[in-house]
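Under our numbering, read the sequence shown as residues 16 to 610, first letter to last.
Note that beta-carbon positions come from the ideal geometry of N, C-alpha and C, so glycine has one too.
Owing to the predicted nature of the structure, the values given are computational and were not obtained by experimental measurement.
This report refers to the structure that appears directly beneath it.
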Amino acid sequence: LSPIRANPRQSQDLVQSVTVRRTKRPLTKYINSLIMHAFCKRGQLQEALRLILSNPTQLDSYYSCYMNILQLCIDERAERPGLLVHNHAITSGFDSNLNLNTKLVIFYSKFGRIVSARNVFDRMPEKNVVSWTAMISGYAQSGCYENVLVMFLNMRQAGYRANQFGYGSVLRACTGLRCLEVGMQIQGCILKGRFAENLFVQSALVDFHSKCGKIEDARYLFEEMSERDLVSWNAMIGGYAVQGFADASLQLFHSMMREGMFPDCFTLGSVLRALAGGSGLMKVSQIHGFIMQVGFGSHKTLSGSLINAYAKCGSVESAHKIYKNMMKKDSIACTALITGYAQEGNYSRDVLDLFKEMTLMHLALDGIILCSMLNICANSASLILGRQIHALTFKHQPCYDVAMGNALVDMYAKCGEIEDANHAFDEMEEKNVISWTSLISGYGRHGLGHKAIALYKKMEYEGLEPNGVTFLSLLFACSHAGLTGEGWECFNTMFSKYNILPRAEHFSCIVDLYARAGLLEEAYKLICDMNIKPNASLWGAILGACSIYGNRSLGELAAMHLFEMDPKNSVNYVVLEAYMLHLEHGTMLWKSEIC
16 LSPIRANPRQ SQDLVQSVTV RRTKRPLTKY INSLIMHAFC KRGQLQEALR
66 LILSNPTQLD SYYSCYMNIL QLCIDERAER PGLLVHNHAI TSGFDSNLNL
116 NTKLVIFYSK FGRIVSARNV FDRMPEKNVV SWTAMISGYA QSGCYENVLV
166 MFLNMRQAGY RANQFGYGSV LRACTGLRCL EVGMQIQGCI LKGRFAENLF
216 VQSALVDFHS KCGKIEDARY LFEEMSERDL VSWNAMIGGY AVQGFADASL
266 QLFHSMMREG MFPDCFTLGS VLRALAGGSG LMKVSQIHGF IMQVGFGSHK
316 TLSGSLINAY AKCGSVESAH KIYKNMMKKD SIACTALITG YAQEGNYSRD
366 VLDLFKEMTL MHLALDGIIL CSMLNICANS ASLILGRQIH ALTFKHQPCY
416 DVAMGNALVD MYAKCGEIED ANHAFDEMEE KNVISWTSLI SGYGRHGLGH
466 KAIALYKKME YEGLEPNGVT FLSLLFACSH AGLTGEGWEC FNTMFSKYNI
516 LPRAEHFSCI VDLYARAGLL EEAYKLICDM NIKPNASLWG AILGACSIYG
566 NRSLGELAAM HLFEMDPKNS VNYVVLEAYM LHLEHGTMLW KSEIC
């Protein structure tokens, strides 16, 4: 009789009798293994560990005892006791047991010790499909997706066919790598085998197609499933969320509820992720109400999702309220809230207090939150705090990535320290278009038009293709430096060389460039000839220039269009007042000259 199949009631009585009265005669191996099984069944890890370590010779005939206690260590998230059990199993001579070694691979994988898991796997004298699957699943759980594909190929070459869990792991790897071609080959193997109708594998296929951009194929597979479980629904809803189909995600969520399938935290998190794309604050509030109604309000992951959704929908106050009510705050919630403040342009004391609280709690400072804080410092011109964040950045990420480098360049440039921005740019090992554009924009704000043009030419020489924002920064730099010819050349290059259609912002810059140079007729002609409808900023630039150069007729026309488009903007009235004052002053000068 195996101890694993012992009656739980019988095991419980055994444990109680041994606890109350221990006989002097040593218990048999079988009785010890029954007690061990009972301890593991009841979750009594310390008692089970004490029994196995104090009776080194009384359990060694049952490797299943080691497997039971290792499973208990996994369930209880107790890594150190599991290591002791492994050492004890080796001294007891079970280091070559196939089933125990497979359990050890699972144990080490669950605790993220993937190298140790691989060492156990490589030393196994024999392997079966379960041990191969355990190693493949371990790599998938650790995010080592390339290793998953290699191990899957090695398993096939060793003559083993994958089971449903092996296929699930390799599809997860293809999803993580966005490797559509390999995933389709795996799907071909599945359809030819006996797992084509397996619910677990079908759900993995839906998840793979949806997250690799084949959302219609995913929906087709989903509709063709003869039965669906919560995993299937979550895969399809999560796929819509990843691809940004908020309405489809919400509709499928309602369909799921109508069919009697109750959602879990993953379902609700996916719906919130979809709604965070800007589908409306009301829908987020409705999902929030449902979460509270079903009793998930205190769930940490969902609290983070709610904070992110509210923040991205523009309700940072609601996000902050949820954050304050969290029993245990984590870096995910803090990051979502600070990022929301940064996106909203809210640079109040609350942000600084939140960041200070995060550092005092010793929460992890990742690149996202540091970039958000640098963005806040840049837009609030907080140079001292920006330097402090820079120091923290160097401490936590000595070799920072492109996004961090871009944030540093932008922060120093907007805070008036163009030399520090230049230094941060030079320190970057890798640069992208945003990096070059940030420094070009910084040069423009400081009136360094020639440096901006020189950097743009160097960017072209390095083989990077500018985008519309790059040209917008260039035109702004030329306008503020009075480089009329260079600005017009950049404007022509934008659509003649790079096929970038100018937007209203580009026309606004070139009109401002002409207006500052006194070329009002050319600016007006450009407005008349452009292929898009002029906006208020264009007419505002014309009106401002007319006030300087005294062009009454064009100024009146610009004022008429400006106040038709934007009558409530107070800045327009300031520009109009300046225009009227200049006209009045010019009329008085003209009269004095006549007299």
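When the beta-carbon positions are compared, Cys524 and Leu569 stay at least 8 Å from each other.
Under the 8 Å Cβ criterion, the region 433 to 444 does not count as touching the region 479 to 487, having fewer than three qualifying pairs. Just measuring C-alpha positions, the residue of Leu164, Met170, Asp544, Ser124 sitting nearest Gln156 is Ser124. Closest by C-alpha distance to Asn116, out of Arg95, Gln86, Arg92, Glu91, is Gln86. By the beta-carbon neighbour count (other beta carbons within 10 angstroms, threshold 16), Glu501 is buried.
Rounded to the nearest whole angstrom, the C-alpha separation of Glu91 and Ile121 is 14 Å. Shown here, Ala177 sits in coil according to DSSP, grouped into three states, outside any helix or strand. Cα atoms of Arg460 and Ile404: separation of roughly 23 Å, rounded to the nearest angstrom.
Nearest to Met595 by C-alpha distance, out of Trp248, Met580, Ala574, is Ala574. Collapsing the DSSP output to three states places Asn482 in coil. Nearest in C-alpha terms to Ala519, of all of Asn546, Ser494, Lys512, is Asn546. Where Asp416 is concerned, there is no enclosing alpha helix (DSSP H), because DSSP gives it neither an H nor an E. The residues Gly559, Ser562, in chain order, have a CB closer than 8 Å to that of Ala593 in the same chain once the five nearest residues on each side in sequence are set aside. The region 87 to 106 makes contact with the region 53 to 63, as at least three CB pairs between them are under 8 Å. Closest option to Gly420, judged by alpha-carbon separation, among Glu536, Ser450, Ala291, Glu537: Ser450. Between the alpha carbons of Tyr588 and Phe578 lies a gap of roughly 9 Å. For Val309, the secondary structure class from DSSP, reduced to helix, strand or coil, is coil.
Where Asn83 is concerned, the enclosing alpha helix (DSSP H) starts and stops at 78 to 90.
In the structure shown, Met276 adopts coil according to DSSP, grouped into three states. Burial check for Pro582: the Cβ neighbour count within 10 Å stays below 16, so the residue is exposed. The C-alpha of Val331 is placed about 41 Å away from the C-alpha of Ala469. Counting every other CB atom within 10 Å of its CB across the protein chains shown gives Asp527 a total of 16 or more, marking it as buried. For Met509, the enclosing alpha helix (DSSP H) has its first and last residue at 499 to 511. Per DSSP, reduced to three states, the secondary structure at Gln266 is helical.
If you look at Phe260, you'll find it isn't in any alpha helix (DSSP H); DSSP assigns it neither H nor E. For Gln59, the three-state secondary structure derived from DSSP is coil.
Residue environment for Ala211: exposed (fewer than 16 other C-beta atoms within 10 angstroms of its C-beta).
Pairing Ile201 with Leu186 gives a Cβ-Cβ distance under 8 Å. In the same chain as Tyr471, and ignoring 5 residues on each side of it, the C-beta atoms closer than 8 Å to its own belong to Trp451, Ile455, Pro481, Thr485, Leu489, Cys505, in chain order. Relative to Thr408, the option among Leu385, Asp425, Lys429 whose CA is nearest is Leu385.
Shown here for Met388: same chain residues with a beta carbon closer than 7 Å to its own, the five before and five after excluded, namely Ile353, Phe370, Ile404 in chain order. Looking at the backbone, the Cα of Leu290 and that of Leu195 are separated by about 27 Å. DSSP, read as helix, strand or coil, puts Asn213 in coil.
The C-alpha of Arg273 lies about 23 Å from the C-alpha of Gly259.
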